[in-house]
Every structure is written in C-alpha cells, then in structure tokens.
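**Student:** Protein chains in written order, with my numbering: chain A, 1 to 313; chain B, 314 to 820; chain C, 821 to 1136; chain D, 1137 to 1486. C-beta: ideal position from N, C-alpha, C; glycine also. I have a structure I would like to understand better, so I am pasting it below and will then ask my questions one at a time.
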Amino acid sequence: FGLPLRAQSGPIRVAGIYTVPVEQQWVSRIHLAALAAQEAGEIEYSYSENVSNTDYPRVMREYAEGGADLILGEIFGVEQEAREVAADYPDTAFLMGSSFLPDGSLGNFGVFDNYIQDASYLSGIVAGAMTESGNIGMVGGFPIPEVNRLMHAFMAGVREMRPDATFQVSFIGSWFDPPRAKETAIAMIDNGADILYAERFGVSDAAAERGILAIGNVIDTQADYPDTVVASALWHFEPTLAAAIEKVKAGSFTSENYGIYSMMQYGGATLAPFGSFEGRIPQAALDLIAEREAAIRDGSFVVEVNDSEPTAG
Amino acid sequence: MEDNTTPALRVEGISKRFGANLANDAISFEIAQGEVVALLGENGAGKTTLMNILFGHYTAEEGRIEVFGVPLPPGRPAAALAAGLGMVHQHFTLADNLSVLDNLMLGTESLWRPVSARRQAAARLRKLAQDFGLSADPDAKVGTLSVGERQRVEILKALYRDARILILDEPTAVLTPQEAEALFATLRRAVALGLSVIFISHKLHEVMAVADRVLVLRHGRLVGETPIAGTDPARLAAMMVGAEVVPPLVAASTEGQVLMRLSGVATQGQRPDLRDVDLDLVAGRITGIAGVSGNGQAALAALIGGLARPVAGEVSLQDQPLTDWSPRAAIKAGIARIPADRHREGTVADFSLTENAVLELYRSPGFSRRGWMNWPAARRFARQVIARYDIRGPGEGAAVRLLSGGNMQKLILGRLLERDPCIILADQPVRGLDIGAVTFVQNRLLDARGRGAAVLLISEDLEEVMALSDVIHVICDGRLSPAFPRGSKTVAELGLWMAGQGFSHAA
Amino acid sequence: MSDVIAILISASFWVALVRIASPLIFATLGELICERAGVLNLGIEGIMVAGAFAGWIAVYAGLGLWAGVGVALLTGMAFGALHGVLTVLFGLSQHVVGLGITLLATASSYYTYRLVLPNVSSPPRITAFPVVPIPILSDIPLLGPALFAQTPLTYLAYALAIATALILARSPLGLAVRAAGENPAAVEAQGLSVAAIRIGAVMVGSGLMALGGAFLTMSAFNSFFFEMVNGRGWICIALVVFGAWKPGKAVAGAFLFAGFDALQIRLQQTGLGTMVPYQLFLMLPYVLSILALVVMSRRAEVPAALMQPYRKGERR
Amino acid sequence: MRLEPVANPGIMRRILPPMLALVATVLLGAALARLAGADPLAVFGLIVKGAAGSRFALLETLNRATPLIFTGLAVAVAFRARLWNIGAEAQFFAGGLLAVLIGLNLGPLLPSAVLWPAMALGAMAAGAVLLLGPALLKLRFGVDEVVTTLLLNFVMLLFVSMLLEGPLRDPMGMGWPRSPALPPEARLPRILPGLRLHWGFALAVAAAILIWIIDRKTTLGYEMRAVGLNETAARHAGMPVRRVVLLTAVLSGGLAALGGFSEVAGVRGSLTLDLSPGFGYTGIIVAMLALLNPLGVIFSALFVAAIFVGADSMSRAAQVPTYIADILLAFALLAMVLALLTTRYRLRRA
Ligand SMILES: Nc1ncnc2c1ncn2[C@@H]1O[C@H](COP(=O)(O)OP(=O)(O)OP(=O)(O)O)[C@@H](O)[C@H]1O
Ligand SMILES: Nc1ncnc2c1ncn2[C@@H]1O[C@H](COP(=O)(O)OP(=O)(O)OP(=O)(O)O)[C@@H](O)[C@H]1O
Ligand SMILES: [Mg+2]
Ligand SMILES: [Mg+2]
C-alpha cells in the first residue's frame, strides 16, 4: 500500500547520494539521467558523491530533512539502515539501487537494479563472433551480483557463437584502479585473449594498446576507443527515473521494484550502436542478435540471471 | 689586523634567560692567545649555557662576543666555526652509525659538490693525528668506539676545522685517568701551537694541572677569577660553592655478616664477561672496585643489579643460594643501585620527580596495593626526598629533565637511601658532579655504611676508591683481584694490578 | 608449479614487473630520502594522489608532458614544504602531520578536479608517455624489453635511483642528510642547519613521491581517477624498511614487490587461480613483505633520529 | 628562532590559538566555497548547523565520534608506551568480524546480557591477537611495528573480503559480499528510541574513563608510560618490560576491536568491507590531537566528527563538492595541532 504522497506540479526536488564519484560507470548512468531531467526542467537536482556507507544514512536524513521529494542512490552496503531512514520520512520518496526486493510495508521506498543482462548477452554474441582464438578475458572490480550476472550473460552470448570459448576472469579488488585493471588485462592478452570484456576502466586501454578488441559494459566508450570497443551493453537509467518522477508528481509513488525499467523491454538496456565497427561484424551474428533481441522484447526468450562468481574456464 | 695582544676571545655582558631562570648574568671576560682557561662552577651554574652561546647554539639576550677582535654574529654555529671556535660538547655530538671520517667531514665541504674529497680528508686526518698525538681509524664506525676514542674524534673534529680556540665541556668526566692524561698531553701540544683553550671540569686537580687561569661561575654570575699560580683546590672549591668544602671524613665502622657472596662466578653476554669472580659484600663495609673502564665493571653491575644471571659459580644472599634472579628480585632483596648512566638507566626524563622517586619502589606496599598506585604517598615521599637531599629544582611535579645532573643524582641517591637498603651498588656515583655534590654523595654513602649497609663502589677514579673503600678489589679483563684492606696497597701497586699483573693465571 | 615457471620465463611478465615497479621506485626513493633525514613522511599516499592529479591536469590543460612532470614535482614539493615546516620547524608529531597531509592532498586534488570538471561521465584522457625502446639494450633477450622498452619516466626512475644512491653515499649533501637522520645535534655542531637539511630532504622526497603518482596518470595510464593510487604509498613505506634504508635494496624491494604483483595477476588465470580465492593472491605481496622483514630485520639500521623532532636551543 | 615552553599559560594563551585555528578553518571553507561559486558568508553558519544545529545533527556527530573514540584510545594507549600501532584499522575489522561471528552463532542461544559481553570480549581478543603479532615480532626480532601493523591493515581487509565472499557470505544477501544480519538480540540498542545513537557511545566514554584510570591510578599505567619514555630505565627499575609491551598491545588492539564491535552491533548490523572509512587512521590523529590523554580522546574525537559532519553537511547545503569536508577536516587538524603547540610554547630567539 502506498502512503498518501502529495501530488504536485512543477519540478520536484531530487537528491542523489552515491558511494563513489560520479565518474564510476554505474553511478554515472544515474547521474547523467538526473542531469538530463534537470535540463528538461522536470527536477531540481543536487547530489553527494563518494559518501561512505558509514555516512550514508546521515546524508539520506539530511536530504530528507532538507525537503527533497525523491532521493536516489545505492544502498548495497546499508540495506537495513536505509530502510529505517525511509521509515522515518514517509513523505519523501526513496528510489534506491538494491539487490533486495522492495519491502511492502515501506510505501515510499522503491528499489531498482541494472538488469541489463539482456544487452550483455547480445554483446557476448558479438564477442563470440569476433574472437579468433576463442580466448576471452574479463576483468572485474569485485565479484558482486551486479557484475557477476552481466559476466554470465555475456559468457552465454559468447557461447552461442563459440561453444568452445574459454574465459579468463580476474577481480582486481578495487573499483578504481585503472592502472591495475590495465595491468591485469595485459596479462590476459599475453595469455592469449583476443577480446576483452571491459567491466572496469583501464581494460579498453590495454586492448587499444595491444590492438585487440573490447566489449563495453554499462557505458559507451566507443568514441574514446574507436578501433577497440566493438559493442557495449548499455544501461539507461532514464526510463526508471522517468517512471519515478511521474509517480512522485502524481502522488502515487509506491514500494515497487523499478528494476524492470532497466530491462530491454522498457528501454533500460540496449546494445550500443556498432558505430565504427558497422559492417565488420559477421552477418550470422547480426542475424542471431536481431532474432534474440526480438524474442527478448516479446518475452519468448529470457536470459538466465546467474549471480554467482564466474570462474575461469 | 690581529697581533698577539688582541685577545683571542672577548665576552662582554652576556646574559641568557630560560623562562624565569637567569642562566647567565652579565658575564664578561677575555682569553689571550695560547692561554688555557678553566671554567668552574657547580652543576647548573651556567657553564654549558655560556659555551653554547659562544658557539651559537643559543642566542644571548644581551651582550656581545668578539673573536680575534672581530664581532661574532650570534646564534650561528657556522659563524663560530668560521671564526675559529671549536667545541667538544658535554654530550658528544657524533653520529654513531657514521664513520669517523664522515663525522669529521660533515659540513666541511660545500653541500653542492658532487663527490666528497674523502682521500684528501683522510690524509689530513692522518697529519692531524700525528701533530697532536691523536690516533683514529677513519673508517671505524663511531658507535663501535670506546668513550675515550670518541672524545678524540670530537677533538679531531675541532682541529680538522682549524680551530684556534678550543672549548672543552667536561671532557674528562667520562675518561679514565690514563685517557685524561693523554688528553692533557694533546692540549699541551695544541697550546704550543698557539691555540687557546677553555676547559670545563669538576675535577680540581685536573684544573690545577692544565689551566693558566680559572674563572668561577655561581648561579650564572662570574664570581671569581684567579691565576692558577697561587691557588689550590680547597680555595677553588670554596670559590665555587661559596663556602668551605670539607672532604668526607671516613670514620671507623663495625662490620657485620656477609650479605652477598659471589664464588667462582662467570657471566655471559657482556664484554668482557666476568670470569671466576669471588666477592663478599659485608654489612658496614665499603667494597671498592678499581679498574680501567671496560674491564668488566658493567658485567659486575649487571649481575648484582639483577640484569644478568651467572652462568657458572654461585651467588648467595645472606647464605641463601640465588634461584630466581632479576632486577625485581634484586630490589626485593634490598639491593639498591646508582646506575652508571643516570639519564639512560636511572631516570625517565619526561617523568615528574614524583614518578621518578618511586621508579623502583612503586610495587612496594606503601606506594601501591593490588595494582593501584598510591600517588599521594608517592608525592609525600618525593617531597621528603627533595627536602632531605636538598634537591634544587622546580618541585616534585616538574619533569626530571629540568634538573641539573647533580640534582638528578641526588634524587637517585635519595630514593634508594630512603628505603634503607642492605646492599648499595654505586656505579660511578659522582660522575659529572660538582665538588659540593661529590662530597654530599660520598658522605651519604658513608652514612649508609655506618648504618650497616654493604656498599659496592665501582669507580674509575682510583683516588676516590682509595679514599672511601674499606677493602679494594681491582678488576681487569673480567677477573677480580683478591681483597686488599684499606691502606695495604699503594697507588703504584694497584696500578700494576689494574694493568693485569698479579692475576694468577693471566690470559 | 609449472604454471609459475611458465609465467616466470615469459617476457611480458618481466615487462609488467618493471612497469608496476616504476611508480613504487619514485615514491620509495622519496620516502627513503625523508627518513634518512629523520622524518617519517606519512603524507606519501596523499602526495602521490596530488602528483598524479597535478601532472595530469597540467597536461590536460595544454602543457607538454615534461612540463606536466614538472608541475607534479612542484606540487609534491609544496606539500613537502608544509610537512617540513610543521614537523621540523615546529616539531609537531610526524604521524599527525603526515596523515593530515595525506587527507589534505587527496581531498584538495579531488576538490580541484570536481571544480575543473564538474560534469564528466568519464575523466578526459591525455596522450601519455609512449614506450621508447632504447636501441640495442632493448634487444637483450628477456631483460632487454623489460628494462629498456619502457616509457621515459621509467628511465627517469632508474636515473633517480642511481643519483639518490650516489648522492647519499658519496656527496657532502648526502652526508649531511644522513647525519641529520642519525644525530641532528652533530649536524648543528658542524655549523649546518638541521632545519634546512630536513625540510629540504622532505621537499625533495615529497617531489619524488609526486612523480610516483604522476607515473600512474601519465605513463601507466592516461587519465586521473579518484582513489587510483590505491594504497601504493603505504607499500612504499614498507619498502623503505624492507630496503633497510638503502636505496639499492629499496629499489630491489620495489622490483620484488612488483614481481609478486605481476605474478599474482597472472596466477589468477591458472588452475591454481580458480581454486584459491583471489584475495589470497592479493595478500601475497604483503605477507611476504612481513616475512622478509622478520628474516632481515636484525641487520637493518634504522636512522637513529627517525621520528625525533629536533628543536634548536632545546635542552637535550 | 626557538620554541620555549610556557610555564603557566594564561587563559588567553590557552583559548586564543585554538579559536584562531577554527577561524582559519572557516575562512578556508569560505574561500573554497567561493571558488565553487557558493556564498562564502553562509559557510560558518552552515557548518555549525550541520554539526550541532539540531538534535539530529548533534546525535549524528556523536554517532560518528563513537568509533573514533575507540580507535583514538587504542592509538593513545599504544603510543604512550611507544608501540607505534598504525594498524587500528585492521584491529577494528577484526573486532567487527569476531563480533559478527559470535553474534551469529550464539545469538539464537543466549540472552543479550550474556551475548553482548561475549561479542565484545571475542572482538577484543581478536584485536589483541592482531597486535600481539607485531609486538612479539618487535620484541623477538626487532621488526619495526610501524610497517608490520600498516601491512596487516591490507592483509586483514583482504581476509575479511575473502570471508565475506566465501563462508561468511549472507545466503539471503543476493550474493553481495556481506555477512548475514545480526539477530536483534545481538544488536546494541539505541540510547533513546528513534535516534541513531546507540549504547556503543556510552561504552566508548566508559572505556576512555577506564583507560584514564588505568593510566593514572594503576601500576600498569605507570609501567606503560615508563616503558614508553625510557625502556632501559624501566628495565633497570625491575619493570617487566616484555609483559608491559604485550599488555599494551592487548589493550590497544582490544580497544580498536571494541570499536569494530560497537559499529557492527550498534550501527551496521552486519559486516561489510566498508565497515570503516579509515577510522583506524583517523584514530591516530584523534589520539595525537588529545596529546595521548585518554579523556582528551573523547573531545578530540568529537571535534574531528563535528568538523567532518558539519563541513560535509555544509557542502550539501551550499552546493559545493563533497570533498571540501575532508579538506577542512585535514586543515583543521593541522591548524589545531599547531595551535595546541602555541598554547604551551612561545616563539623566541634561539
Ligand atoms: N635549553 C635549556 N632550557 C631551559 N633551561 C636550561 C637550558 N639549558 C640550561 N638550562 C638551565 O640553565 C641552568 C644552567 O645550566 P648549564 O647546563 O649551563 O649548567 P652547567 O654549569 O653546565 O652544569 P653542569 O656542571 O651540570 O654541566 C640550569 O639551571 C639549567 O637547568
Ligand atoms: N594522581 C596523581 N598523583 C601524582 N602524580 C600524578 C597523578 N596523576 C598523574 N601524575 C603525574 O604528575 C604530573 C602532573 O600531572 P598532570 O595531571 O598535570 O599531568 P598531565 O600533564 O595532564 O599529563 P600528561 O602529560 O600525561 O597528559 C604528571 O607528570 C603526571 O604524570
Ligand atoms: Mg654543563
Ligand atoms: Mg602534560
């Protein structure tokens, strides 16, 4: 049941609270969507970045006390406390990145997640078609579900084209250590990888330096690496945010899982345009992608969600 | 511009204040070229402060200094060095981990030279060593040298920089008589070469032996000045203290039972170790240990203080063989120590007088119970020690680092005597102390003997040992001579023993 | 085991080793110079961040690469000057000042970054130093490409390592620095200014730390990210001790550490890597450093006056 | 120039320099805010408001100070005995880890009154063990503890990470590296319902008082200070130096670990890798700011927390990049240690 939030017109006040700087791939999608909404006059947006989880609940309270209508963020490390804060401020809508499902008793607290495994799967098909050695390197920050499930979907896509593909997997134990990510990627290239799954900054640089290919994740970096990044699984936060804004304005914000807006059906995930690689991807792969994308959109094909830590092999 | 009538050094109206303490009060004097001047004064009279001002470590509030007629800019050791001042500090200013040559060359070359001219420097060092009779291995690490050798390096440092005025702040405090004699020989050569010397010492016979003239400081003021000819140690002592100094009077005392007995004891870990040592500490007796430093005194003190255990032989306390031996056990057994190095081993500089007063006693019932300190009792105790032992300083709550060496020693003495120990281990008890303090400490040791304590007096000053001890052992290379009763041996005879002769199976 | 051998005989492993070691060499030398003068510089982590940022932003703003290196150096020296004044002149706790400077340097880099680049989704990239193989030398098998097919900054690191070792061991300046770390009273008694020597050493050392940071943004990578220094500064403090305060040994330590790092990155791909949690690999360099310390500690000679403030005119 | 100790600093000398340090911090804040295009005049008010302007702000400040009191005490105890413990961060995590392990395994079996002490003691034991290692290496082999404790921070973090991604991972946690949530009986209750301040704060204050009493009133405290200031003299005086160093390690490591317990059981409810945003390192600053005085630690922790919380909140209100909070905190710390020096020393010619 939703609490009776007041309907309102004009821009609503939105606050973003991020535990990492807004450059981080994942958060940047939220941040950019919010900036765009502000540009469009829909919201007034302010944000705090690099907030440690120790301080997270305090910052939530501060924004809530300060009269924010909608608070965006990510509560992966502070699930319970965040919910307690939300309970204390029933007039504020909270939309939080979370691995958990919404709590029915907290009407002002919705969750989302980047369910872009569909796009990752499609990008895997591209990788499977482009690899020659069948040896693919994947460099991740930490093996968390948000990373794992995309890696698994990607691997499934690769195997569609190359059932014999082998994968190298490394976690560098940091979200922000591009030199280390690059070093790890180089080691994978030396170990035979000819296409890299670029979960972290730094991986595409290694690929570019060694003249091999990379598949992007969450954001589109092809403009920066025109000869390297073939395809990317993009996350679009805009549908999620639009839905939330609309509901807040209408006073009908409820506790629900906004994660679905990240799925392909809702336009929350896409395969990035091939751009500079247009025409260099085998037709068989393009055909399979078209077929599977249609099937995903009409619900007849579901990419498996596997949150366990991927291993090499 | 300079001729032989220009004084080498002219000091005019130097005053220096530390907080409320006027350490130097309008001091003026002159020193001629080729003159040796001794600076005397009680502990804390302001001698070191004055020298530190000369050398630019401190800046005086008032006054001016001229070296060979040229005003010396204040507060800059570099300027003092350039003007020809060389200083041998009371506490050596050597870097232990660097070689002798490194210590010597430090600061003598332009810092922007790419490579040090070490070969030339080594040659120069050899020449100096010849000229002044000071040998030193340029590549030896200073930390491995004996105190006497370090002293030589300090002097070489000054000579290396062509010092024309040599300041020696208590250079002999840590030297053996032999080493001190060698130092004086060097000084004579230096003076013959035209150098002037300022010499600080508490040992009046040394002053008589080397100085031409004496300046006396008391409470920061220059209170007297006299040529050496026509004075004597007693007069100098009186000038320093401001009253007649009576040397300790050794009354007869009655000896009691053997309190501690070492038979055939050997140790391991110190160098040199004790070998086959027999020693009796008897109630009411002062047992003196004479010997050149570094011959096993440290091992003996460590053994008796509980820091080392015997590896052979037997130690018994009042006829009970030792079982568990540690500093704690030694303290419990009624052994009290005056350690050789009061700064390192005897006190905690940043602790208050109160905290230092109970350093060895804090576990005894009066000062703590079941782990709880009784600070009021400790404070009372500290005040009592301060009063009885005439410790001059800012009070029981102040840090011990603010005390002069003599007062620090009185605190150590007071805290151990107040607990009525049965055995007193006095290791170099008067090192660095002024004549008044020396007399005071020696008198207290005699008092303790009179009360029936056994005193073990370790000293490199043979005169002191002979004056105070009822029996004397000579220590040499870790072995102990038989006990010689008071007066049974002459200085010369003891000297032979100290050189190693007479020991039964000499190595 | 055969996996390990296969890695050890691959040229790319050795190339990576030197690349990973380069920033560590800069910063380790920097810390070593500070400590030889008697000052523990815990500002290292932050100064590396500041160097990484300043060099990179300067190049991004249009300066040349080497000018960027100069900017990084000056930035490091500025923080070094602050550290020196507070710890040497005023004798404040080296722990507090160091940690404070780490916080200050890091936060002000981030703050400036955000002011300059308020709305970017990924940090702009610069053209970093390219690999410049040294003719002939780089043709030596295995070691050639590792040592001599690197970017110019790595060569600078070699040069600085040699220079530091020579200056410390042979020159009057090096002697003064060493003496300041052994016994400042000895330095003052020889007419030198302890404060000037120590502050100078901290400034130069901090400058080198900043170069270590700049290596990350201008050579190992080509843009600046928050937290990208990622504890490397703390490692360098350990490396100085590991190297027993000797430049040669410390650099060897940096290579060793980088070797473990390059090895663990590669081991993660082997059969071993799938069985063992990756954290164990990441722990490897730290644990081995501690073990190495235990083995060699007895011989290490700590500068005797390390962490001891020296105030002129104070009674000792 | 030289610094001369002031024997009896007057009231002005005691108060003025710290005030100036605060004023300088605010001025810097204003200047930085100006750079970011915000209103510099509002800065002071916003900092005060954010740190203590409401009951909520005040409690948040107390809340953030709590772990800092623990780590600050840990460092103060160790540094007093010249045991350079830079590893409070690791000990903090070790405490959090043990508290969670005990809370999860015994939580369903024991009443809170038994469970809390069990968790706290377990945590302290873990922290103690973690510092005993370096202390023993120092005593036995002379290994520099600055480095060993520093390196152990990394090892511990990786170890916790390994557990959180392995055996300790919450089966209900959707795969996140996080321990299962503590059962309610293992949680420290709030001091007042509805507020984030929990009994950990009271525990921290009690710990500070206890340490102060140990330091000033017991033989152990006396021995610890003596060993720290002059180990040789302490040995000569018959103090059990080895035991004192090891006890110091136990106490120090235990205190930092108690902070981990308090944070896990009082605030977070489960163990994650981001349990501490550097509390262990900040503890060093807190301790030194307090001149290693255990009671002073309470105030310096509050000071550090207030500056951070206030400046952080100001950054939001004034729309200035968040990082200003750390700049102001760092600056305030440096200015404050300098100010504290000038309360005790005056500058004079050498
Ligand atoms: N740096 C200082 N700060 C404060 N007080 C000092 C300082 N140096 C010396 N004093 C004080 O000045 C007085 C003179 O000390 P000084 O060291 O000059 O005595 P001294 O004559 O050399 O004594 P001693 O014979 O024990 O060496 C003493 O009271 C001492 O405590
Ligand atoms: N209860 C006590 N009784 C006696 N002396 C004490 C007591 N407590 C502490 N002391 C010591 O007496 C001196 C004066 O105590 P005071 O309380 O002023 O110490 P402080 O300067 O605040 O301590 P610190 O420098 O250790 O923080 C100090 O050296 C202190 O260690
Ligand atoms: Mg003197
Ligand atoms: Mg005090």
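Using the Cα positions of Ala336(B) and His532(B), report the straight-line distance between them to the nearest angstrom.
**Tutor:** Translated into positions along the second sequence, residue 336(B) becomes position 23. Translated into positions along the second sequence, residue 532(B) becomes position 219. Cα to Cα, the separation comes out at about 7 Å.
**Student:** Determine the closest residue to Leu1411(D) out of Ala1338(D), Met1292(D), Leu1198(D) and Gly1186(D), with distance taken between C-alpha atoms.
**Tutor:** Against the fourth sequence, residue 1411(D) aligns to sequence position 275. Ranking the options by Cα distance to Leu1411(D), first place goes to Met1292(D).
**Student:** In angstroms with no decimal places, state the Cα-to-Cα distance between Ala887(C) and Leu1483(D).
**Tutor:** Along the third sequence, read from residue 1 onward, the residue named residue 887(C) stands at position 67. Along the fourth sequence, read from residue 1 onward, the residue named residue 1483(D) stands at position 347. Answer to the nearest angstrom: the Cα atoms are 40 Å apart.
**Student:** Compute every distance between the C-beta of Gln722(B) and the non-hydrogen atoms of ligand 3, then say whether any falls below 7 Å.
**Tutor:** Counted from its first residue, the second sequence places residue 722(B) at position 409. Gln722(B) Cβ: outside cutoff for every heavy atom of ligand 3.
**Student:** Tell me, please, whether the stretch 450–459 of chain B touches the stretch 404–416 of chain B by the rule of three or more beta-carbon pairs shorter than 8 Å.
**Tutor:** yes
**Student:** What are the boundary residues of the beta strand (DSSP E) that Phe512(B) is part of?
**Tutor:** For this step, residue 512(B) is matched to residue 199 along the second sequence. Phe512(B) -> beta strand (DSSP E) spans Ser509 to Ile513.
**Student:** Could you name the residues whose beta carbon sits closer than 7 Å to any heavy atom belonging to ligand 3, keeping them in chain order?
**Tutor:** Lys360(B), Thr361(B), Gln403(B), Asp482(B), Glu483(B) and Ile513(B)
**Student:** Helix, strand or coil: how does DSSP classify Arg1136(C) here?
**Tutor:** One-based indexing of the third sequence puts residue 1136(C) at position 316. For Arg1136(C), the predicted model reports a pLDDT of 48, less than 50, meaning its position is unreliable and no value from the coordinates is stated.
**Student:** Among Tyr45(A), Gln283(A) and Asp118(A), which one has its Cα closest to the Cα of Arg297(A)?
**Tutor:** Walking along the first sequence from the start, residue 297(A) turns up at place 297. Checked all of Tyr45(A), Gln283(A) and Asp118(A); the closest Cα to Arg297(A) is Asp118(A).
**Student:** If we require 3 or more residues per run, which beta strand (DSSP E) segments fall completely within the stretch 729–812 of chain B?
**Tutor:** Listed in chain order, they are 736–740, 767–771 and 784–789.
**Student:** Please list the segments of the beta strand (DSSP E) lying wholly inside the stretch 622–679 of chain B, counting only runs of 3 or more residues, in order along the chain.
**Tutor:** Qualifying beta strand (DSSP E) stretches, in chain order: 625–630 and 648–651.
**Student:** At a Cβ cut of 9 Å, what residues of the stretch 200–229 of chain A count as close to chain D, listed as they run along the chain?
**Tutor:** none
**Student:** With a CB to CB cut of under 7 Å and the five nearest residues on each side skipped, what residues in its chain are close to Gly1068(C)?
**Tutor:** Position 248 of the third sequence, counted from the start, is the residue given in the question as residue 1068(C). So the list reads Ala985, once near-sequence residues are dropped.
**Student:** Just the Cα atoms here: how many angstroms apart are Gly918(C) and Arg682(B)?
**Tutor:** Counted from its first residue, the third sequence places residue 918(C) at position 98. Counted from its first residue, the second sequence places residue 682(B) at position 369. Between Gly918(C) and Arg682(B), the C-alpha separation is close to 42 Å.
**Student:** Find the residues of chain D that neighbour Thr667(B), judging by a C-beta separation of less than 7 Å, and give them in chain order.
**Tutor:** Numbered from 1 along the second sequence, position 354 holds the residue referred to as residue 667(B). Neighbours of Thr667(B) on chain D: none; closest Cβ ~11 Å, over 7 Å.
**Student:** In whole angstroms, give me the CA-to-CA distance for Ala910(C) and Arg1131(C).
**Tutor:** For the purposes of this step, residue 910(C) is taken as residue 90 along the third sequence, with counting starting at 1. For the purposes of this step, residue 1131(C) is taken as residue 311 along the third sequence, with counting starting at 1. Before going on, a small fix: residue 910(C) reads as Phe here, not Ala. Whole-angstrom Cα-Cα distance: 8 Å.
**Student:** Can you find a heavy atom of ligand 1 that lies under 7 Å from the Cβ of Gly354(B)?
**Tutor:** Your numbering for residue 354(B) matches position 41 in the second sequence. Yes; taking the cut-off as 7 Å, the Cβ of Gly354(B) has a heavy atom of ligand 1 nearer than that.
**Student:** In terms of alpha-carbon separation, which member of Thr166(A), Ser52(A) and Gly173(A) lies closest to Leu1300(D)?
**Tutor:** Start at 1 with the first residue of the fourth sequence, and residue 1300(D) comes out as number 164. A check of alpha carbon separations from Leu1300(D) across Thr166(A), Ser52(A) and Gly173(A) identifies Gly173(A) as the nearest.
**Student:** Are the Cβ atoms of Arg465(B) and Leu407(B) separated by less than 8 Å?
**Tutor:** The count along the second sequence starts at 1 and reaches residue 465(B) at position 152. The count along the second sequence starts at 1 and reaches residue 407(B) at position 94. The Cβ atoms of Arg465(B) and Leu407(B) lie no closer than 8 Å to each other.
**Student:** Could you pull the DSSP bridge partners for Thr270(A) from this structure?
**Tutor:** Against the first sequence, residue 270(A) aligns to sequence position 270. In the DSSP output, where bridge partners are listed per residue, Thr270(A) has Leu234(A).
**Student:** Spell out whether any CB of chain D is found under 8 Å from the CB atom of Ala1125(C).
**Tutor:** Residue 1125(C) sits at position 305 when you count from the first residue of the third sequence. Ala1125(C) does not count as touching chain D.
**Student:** Quick one: is Pro4(A) buried, meaning 16 or more other Cβ sit within 10 Å of its Cβ, or exposed?
**Tutor:** The residue labelled residue 4(A) in the question sits at position 4 within the first sequence. In this prediction, Pro4(A) scores a pLDDT of 44, lower than 50, which makes its location untrustworthy; the coordinate-derived value is nonetheless stated afterwards. So Pro4(A) counts as exposed.
**Student:** Going along the stretch 1079–1093 of chain C in order, which residues come within less than 7 Å of chain A, judged by CB to CB distance?
**Tutor:** Near chain A, meaning a CB-to-CB distance below 7 Å, the residues of the stretch 1079–1093 of chain C are Ile1085, Arg1086, Gln1088, Gln1089 and Gly1093.
**Student:** Give me the Cα-Cα distance between Ala1393(D) and Glu146(A), rounded to the nearest whole angstrom.
**Tutor:** One-based indexing of the fourth sequence puts residue 1393(D) at position 257. One-based indexing of the first sequence puts residue 146(A) at position 146. Roughly 31 Å separates the two Cα atoms.
**Student:** In terms of residues, what are the limits of the beta strand (DSSP E) holding Asn337(B)?
**Tutor:** Against the second sequence, residue 337(B) aligns to sequence position 24. Asn334 to Ile344 is the extent of the beta strand (DSSP E) around Asn337(B).
**Student:** Here's a check: name, in chain order, each residue in its chain whose Cβ is nearer than 6 Å to the Cβ of Phe277(A), leaving out the five neighbours to either side.
**Tutor:** Here residue 277(A) is taken as the residue at index 277 of the first sequence, counted from 1. Only Val230 meet the Cβ criterion.
**Student:** Using a C-beta to C-beta distance shorter than 8 Å, which residues of chain B count as neighbours of His1571(D)?
**Tutor:** Nothing can be reported for residue 1571(D), as the shown portion of chain D is limited to 1137 through 1486.
**Student:** Is the separation between the beta-carbon of Pro1413(D) and that of Tyr931(C) shorter than 8 Å?
**Tutor:** As a first step, residue 1413(D) must be located in the fourth sequence, where it is residue number 277. As a first step, residue 931(C) must be located in the third sequence, where it is residue number 111. No, Cβ-Cβ distance for Pro1413(D) and Tyr931(C) is not below 8 Å.
**Student:** Report yes if the C-beta distance between Ala649(B) and Leu729(B) is below 8 Å; otherwise report no.
**Tutor:** The sequence position of residue 649(B) within the second sequence is 336, counting from 1. The sequence position of residue 729(B) within the second sequence is 416, counting from 1. Here Ala649(B) is near Leu729(B), since their CB atoms are less than 8 Å apart.
**Student:** DSSP has Ala214(A) in a bridge; who is on the other side?
**Tutor:** For the purposes of this step, residue 214(A) is taken as residue 214 along the first sequence, with counting starting at 1. Note: Ala214(A) sits in a beta bridge opposite Leu196(A) and Val229(A).
**Student:** Just to confirm my understanding: we take Gln1088(C), look at its own chain, exclude 5 residues before and 5 after, and list those with CB closer than 8 Å. What are they?
**Tutor:** For the purposes of this step, residue 1088(C) is identified with residue 268 of the third sequence, where counting begins at 1. So the qualifying residues of the chain are Tyr1098 and Phe1101.
**Student:** Kindly list the residues whose CB is nearer than 7 Å to the CB of Gly102(A), restricted to its own chain and excluding five residues on each side of it in sequence; keep chain order.
**Tutor:** Looking up residue 102(A) in the first sequence gives position 102. Sequence inspection shows Pro at residue 102(A); the Gly mentioned does not correspond to that position. So the list reads Phe109, Gly110, Val111, Ser255, Glu256 and Asn257, once near-sequence residues are dropped.
**Student:** Indicate whether at least one CB of chain C lies closer than 8 Å to the CB of Ala819(B).
**Tutor:** Counted from its first residue, the second sequence places residue 819(B) at position 506. Here the model assigns Ala819(B) a pLDDT of 45, short of 50, so the residue's position is not dependable, and the following value carries that caveat. It does not: the Cβ of Ala819(B) has no partner Cβ on chain C nearer than 8 Å.
**Student:** Please state whether DSSP places Gln722(B) in a helix, a strand or coil.
**Tutor:** Residue 722(B) sits at position 409 when you count from the first residue of the second sequence. Helix at Gln722(B).
**Student:** Do Arg162(A) and Asn306(A) have their C-beta atoms closer together than 8 Å?
**Tutor:** The sequence position of residue 162(A) within the first sequence is 162, counting from 1. The sequence position of residue 306(A) within the first sequence is 306, counting from 1. Not closer than 8 Å, so no.
**Student:** Taking only the alpha-carbon atoms, compute the straight-line gap between Ser772(B) and Asp589(B) and give it to the nearest angstrom.
**Tutor:** On the second sequence, position 459 is the one that residue 772(B) refers to. On the second sequence, position 276 is the one that residue 589(B) refers to. Answer to the nearest angstrom: the Cα atoms are 21 Å apart.
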